[in-house]
Amino acid sequence: MQKSATTSQAADLYLSVTDATRIINDIFEVQFPQLLFHGEISQITYAQSGHLYFTVKDQGAQLSCVMWAGMVRMLKCKPVAGMAVRCHGRPNVYAQSGRFQIVVNRLLEDGEGELQRQFLELKDKLQREGFFSAERKRPLPFLPKAVGLVTSKSGAVLHDMMVKIRERYPAMVVYLAETRVQGDGAAQEIAATIRRLDESKLVDVIIVARGGGSLEDLWAFNEEAVVKAVFAASVPVVSGVGHETDTTLCDLAADVRAPTPTAAAEMVVPKVTDLLQRVSEFERRLRDFDRWLQPMIQRIDELSLRLDARALAIVAEGKLRIKAAEAKLASIRPDKVIELLRGKIELFHGRLFRTGMASVDRLNTMVSQFRERLRRAIPTEKTEKLRATVDTLEGRLLVGAKRGVEDAKGQVTSLGLRLDSLNPKKVLERGYSIVRVGGEPVRSITETSDGDALEIQVVDGLVLGTVTGRSKEK
Amino acid sequence: MAKAGKDVTVTLEGLLSGDISAAQVSELSFEQALKLLEEVVVSVESGSLPLDRAIGSYEKGTHLIQQLRKLLSGAEEKLRVLNQA
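Order-wise, the sequence lines are chains X and R. The first sequence begins at 1 in the working numbering and counts up by one. The second sequence begins at 1001 in the working numbering and counts up by one.
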């Protein structure tokens, strides 16, 4: 009765979880419509949805915060771990998980966070001291004989790295040097573990690894002790601390910085298949040489066989020739040789003589042949003909010449007759006379003077006279 | 640094002249052996070696390949925990 009353009473008094959550949220909303607080961001996640999940903390407490995507887009700064911020938001219990959170609607950067400042200070100092210098970085061994891991045995990191190593190079020897990787004194422990592993001389490369976490979680890897131990190691050190976005001072001091622990394993341990492929490639190239070499050797064998055969043949032939020559030599007798030579001389002499005679004969023949040819070239019939022609020509010449003379005679007679008619005697015969004065014929009255002696020629002689006057015309 | 093979300097010349024993070859690191193999292959391929040396190189090359294969074989996982000092 009592119990049942209590139960029913309890049913009335107790709220459902959903209702309780709603009431809490209602109270928050009334009491803290806007909560203003400041602190340092640690552990920040940019979700796929665009929402921003982060924690704001100080030495004593931390608040889970969420900022909706719409607000994130309006942010003037990019919140990162270690950033000191001033936030405006409203408290809220996320009903599904019961998680208390602040829904931040305004976020302002508030200078540098304390850890961030420490980090930068130490970084500057160590940088000046040369702990991060690029010249000091050493190359990783091509294929380590053994890999040393400095990490925690708990957590997925060791497992993930071992899976990666086994997958790449099953026979790789790995030494695990276990250490705490966070919390008080973790840095000193990490540093001591690196030194111990290095001093053991068991490994030729060291991986310092830790999974992802907040700036605080990774803090040990930002301490000077770790940086110095990494720097002092006698073998190359690969740092794979946190996620790709986290950069620790251990990363900067290491010879190689890997974005994650598994990436560090990949960098240190080559893929056995790649190596086998390279070996096979070289093997193939060597085989090529062998493939060239073997036929070469065969060819040499073949040539040497042929050489042998040829040499034998030459020797055999030589022997035969020598034998034949010996036989010939044996058959020769000196007296016979002289006889043979004499015969040859006579033969030669005879030939010489015959040759001489033949030459004289040939000359005679040639002369008579020439004569004959000359005779034939100028035959008698031809001369007779020529003579006849000459006679004819002579005859014609004589006839021509006679006729020319007759003609000339005729002409001379006719000319004589014509000449005769011009004879002055004939004119005198016709009664004309010629008067001369001083032997010169008188042609004009002017040629005479009174008293001039005149000679008047008539046909049968001279009549003498004197000029007594003259008159023009009659 | 890498202590493997630190004390042995192995050259192709030494390998071919026989100054380097088979035992020393087996002590070579993978990288050294691979580098030697490459030198052997390149020199053989270049055709500049006299034939007898080329044949010698070829033989050394095949030994190196065996050595490299040996280094790469073995399937057991070898995780050893370093004892606390």
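Where a beta carbon is used, it is the ideal one built from N, C-alpha and C, also for glycine.
- When the beta-carbon positions are compared, V174(X) and L1064(R) stay at least 8 Å from each other.
- A straight line joining the alpha-carbon of K425(X) with that of L464(X) spans about 19 Å.
- Between the segment 248-267 of chain X and the segment 126-138 of chain X there are three or more C-beta pairs closer than 8 Å, enough to call the two in contact.
- At least one CB of chain R lies nearer than 8 Å to the CB of K145(X).
- Taking a beta-carbon distance threshold of 8 Å, S1029(R) counts as an interface residue toward chain X.
- Pairing V437(X) with G410(X), the inter-Cα distance amounts to about 41 Å.
- It is roughly 37 Å from the alpha-carbon of R321(X) to the alpha-carbon of M296(X).
- Of the other Cβ atoms in all chains shown, fewer than 16 fall within 10 Å of the Cβ of N423(X); this residue is therefore exposed.
- Taking the beta carbon of S200(X) as reference, the chain R residues within 7 Å of it are L1082, listed in sequence order.
- Under a criterion of Cβ atoms nearer than 7 Å, the residues of chain R adjacent to M162(X) are, in order, L1079.
- Here P261(X) carries a helix assignment [DSSP, helix/strand/coil].
- Our two residues, V458(X) and L428(X), have alpha carbons roughly 6 Å apart in a direct line.
- Residue range 83-94 is occupied by the beta strand (DSSP E) that includes G89(X), with no alpha helix (DSSP H) assigned at that position.
- Residue environment: P441(X) is assigned as exposed (fewer than 16 neighbouring CB atoms within 10 Å of its CB, all protein chains considered).
- Judged by their CB atoms, I207(X) and L149(X) are nearer to each other than the 8 Å cut-off.
- For the 8 Å CB-CB criterion, S42(X) and E216(X) form a contact.
- Cα atoms of P270(X) and L1072(R): separation of roughly 11 Å, rounded to the nearest angstrom.
- Judged by DSSP in its simplified three-state form, E40(X) adopts strand.
- In the three-state scheme derived from DSSP, where H, G and I count as helix and E and B as strand, E244(X) is classed as coil.
- At least one C-beta of chain X is nearer than 8 Å to the C-beta of E1038(R).
- In summary, S239(X) is buried, with 16 or more beta-carbon neighbours lying within 10 Å of its beta-carbon over all protein chains present.
- Against chain X, the CB of G1061(R) has a partner CB under 8 Å away; the residue lies at that interface.
- Within a 10 Å sphere around the beta-carbon of T179(X) sit 16 or more other beta-carbons, which makes this residue buried.
- Interface annotation, F231(X): not in contact with chain R, CB-CB separation never under 8 Å.
- Between V56(X) and E40(X), the C-beta gap is smaller than 8 Å, which places the two residues in contact.
- Taking the CA atoms as reference points, I165(X) sits about 51 Å from R22(X).
- Here S97(X) carries a coil assignment [DSSP, helix/strand/coil].
- Here T1011(R) carries a coil assignment [DSSP, helix/strand/coil].
- Against chain R, the CB of D290(X) has a partner CB under 8 Å away; the residue lies at that interface.
- Relative to the Cα of P141(X), the nearest Cα in the group A263(X), Q294(X), D204(X), A81(X) belongs to D204(X).
- Rounded to whole angstroms, the gap between the alpha carbons of G50(X) and W68(X) is 7 Å.
- Bounds of the beta strand (DSSP E) holding V463(X) are 461-466.
- Short of 6 Å from the beta carbon of D58(X), and not among the five residues preceding or following it, lie these beta carbons of its own chain, in chain order: G39.
- Using beta-carbon distances, L1068(R) counts as an interface residue toward chain X, with a partner under 8 Å.
- For E1045(R), the C-beta contacts it makes with chain X under 7 Å involve R285, F289, in order along the chain.
- By the Cβ-count criterion, E283(X) is buried, with 16 or more other Cβ atoms from all chains shown falling within 10 Å of its own Cβ.
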